[in-house]
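Asker: Here it is: the structure, laid out below.
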Amino acid sequence: MRTDKIINEVKTMLYTVKDVAKLSGVTIKALHHYHKIGLLEPCHISEAGYRLYGENELERLQQILFYRELEFSLNDIKKALENEPNRIECLIKQQEMIISRRQRMDDMLNTIKVSIESSMKGEIMDKSEMFKGLNKEQWEDALSEQREYIKDKYKHDILENNEIEIQSMNEKAAEAQDFLNYIKKALISKWKTDDERLQKRLKEHITFLNKSGISIDEQGFVQQTRFFLQDDFHREMLENMQIGLGYYLCVAAEVYANKI
12 MRTDKIINEV
22 KTMLYTVKDV
32 AKLSGVTIKA
42 LHHYHKIGLL
52 EPCHISEAGY
62 RLYGENELER
72 LQQILFYREL
82 EFSLNDIKKA
92 LENEPNRIEC
102 LIKQQEMIIS
112 RRQRMDDMLN
122 TIKVSIESSM
132 KGEIMDKSEM
142 FKGLNKEQWE
152 DALSEQREYI
162 KDKYKHDILE
172 NNEIEIQSMN
182 EKAAEAQDFL
192 NYIKKALISK
202 WKTDDERLQK
212 RLKEHITFLN
222 KSGISIDEQG
232 FVQQTRFFLQ
242 DDFHREMLEN
252 MQIGLGYYLC
262 VAAEVYANKI
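Shown next as structure tokens:
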């Protein structure tokens with residue numbers, strides 16, 4: 012009986028936004044945003060206006076974070092949770108996806124390992140091993156959502172007459188991810204948009220774009236960041252990474268362009 016009482020007491024415990032943020036590592040701002048869009052609503056709001064969360068809300072947040080690790084957008088997470096109301100079924104589905112992703116990551120790690128070994132020995136890598144883990148079909152799958160969106164809204168096919176070059180796409184993707192992660196870190200760290208470290212990284216990114224065949228100057232990059240703010244797909248992509256990221260990037264780009 013005492014055990015049942017303890018379990019019931021735990022289940023009725025309520026946590027403030029600050030408590031949940033500390034437990035999960037999710038920022039308070041993000042939790043407020045999840046509430047605003049109906050993704051994670053508190054079970055109770057106190058008379059003082061504090062959002063309070065119970066065990067069910069913590070379990071839902073756990074599922075949200077699993078989907079975030081799988082790079083689902085917030086809208087897709089909401090749909091997934093609505094379609095999988097049963098927690099166990101949802102967790103099993105997430106487990107299957109994570110196992111599949113782990114296999115792809117293992118393949119890529121092995122490809123990197125073999126590439127390093129071949130380079131150190133001065134050997135030419137076996138072509139059958141060179142692209143394991145990330146091939147042309149996977150890149151087309153990765154680009155499919157963006158491709159369909161741009162075709163529908165702007166009547167332009169980003170892959171039409173553009174054969175995918177795996178090595179080039181891998182390099183561009185790695186740089187784009189590294190760049191956005193750096194900007195995200197700068198925003199979270201509350202760097203000013205004219206911070207020398209941030210401005211230096213912008214310069215490096217624009218230089219990379221030009222070297223990789225994308226001709227763009229500082230003003231052109233500003234226009235690109237403004238487009239990201241105005242376009243629903245790209246704005247949501249950036250906001251899903253970090254709230255305010257698109258605006259922060261645009262302002263930083265404008266500061267950099269004005270210095271040149």
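For the sequence shown, this note's numbering begins at 12 and goes up steadily by one. Here a beta-carbon is modelled for each residue, glycine too, at the ideal position from N, C-alpha and C.
Could you tell me the distance, in whole angstroms, from the CA atom of L34 to the CA atom of D205?
Answerer: Position 23 of the sequence shown, counting from 1, holds the residue named residue 34. Position 194 of the sequence shown, counting from 1, holds the residue named residue 205. In a straight line, the C-alpha of L34 is about 34 Å away from that of D205.
Asker: Going by DSSP, name the residue or residues bridged to I254.
Answerer: Here residue 254 refers to the residue found at position 243 of the sequence shown. In the DSSP output, where bridge partners are listed per residue, I254 has none listed.
Asker: From which residue to which residue does the alpha helix (DSSP H) around Y78 run?
Answerer: Stepping through the sequence shown from its first residue, residue 78 is reached at position 67. Segment E66 to E80, the alpha helix (DSSP H) holding Y78.
Asker: For I56, list the residues DSSP reports as bridge partners.
Answerer: Here residue 56 corresponds to residue number 45 of the sequence shown, with the count starting at 1. Beta-bridge pairing links I56 to R62.
Asker: Does DSSP classify T27 as helix, strand or coil?
Answerer: Residue numbering aside, residue 27 sits at position 16 when the sequence shown is read from its first letter. If DSSP states are grouped into helix, strand and coil, T27 belongs with the strands.
Asker: According to DSSP, is N269 part of a helix, a strand, or is it coil?
Answerer: Mapped onto the sequence shown, residue 269 falls at position 258. Of the three classes helix, strand and coil, the one that applies to N269 here is helix, per DSSP.
Asker: Measuring alpha carbon to alpha carbon, tell me which residue in E80, I99, I103 and A264 is nearest E281.
Answerer: What is shown of the chain runs 12 to 271, which leaves residue 281 out entirely.
Asker: Give the range of the alpha helix (DSSP H) segment to which N221 is assigned.
Answerer: For the purposes of this step, residue 221 is identified with residue 210 of the sequence shown, where counting begins at 1. Looking at the DSSP string, the run of the alpha helix (DSSP H) that includes N221 is E207 to K222.
Asker: CB Q253 to CB K201, shorter than 9 Å?
Answerer: Locating residue 253 in the sequence shown gives position 242, where the first residue counts as 1. Locating residue 201 in the sequence shown gives position 190, where the first residue counts as 1. Contact flag unset, no.
Asker: Mapping the DSSP letters down to three states, classify G36 as helix, strand or coil.
Answerer: The residue given as residue 36 occupies position 25 in the sequence shown. Here G36 sits in coil by DSSP.
Asker: Within 10 Å of its beta-carbon, does G257 have 16 or more other beta-carbons around it, so buried, or fewer, so exposed?
Answerer: Mapped onto the sequence shown, residue 257 falls at position 246. Per the 10 Å Cβ criterion, buried.
Asker: Go ahead and label T218 buried or exposed: buried means 16 or more other beta carbons lie within 10 angstroms of its beta carbon, across all protein chains shown.
Answerer: On the sequence shown, residue 218 is found 207 positions in, with the first residue counted as 1. It counts as exposed.
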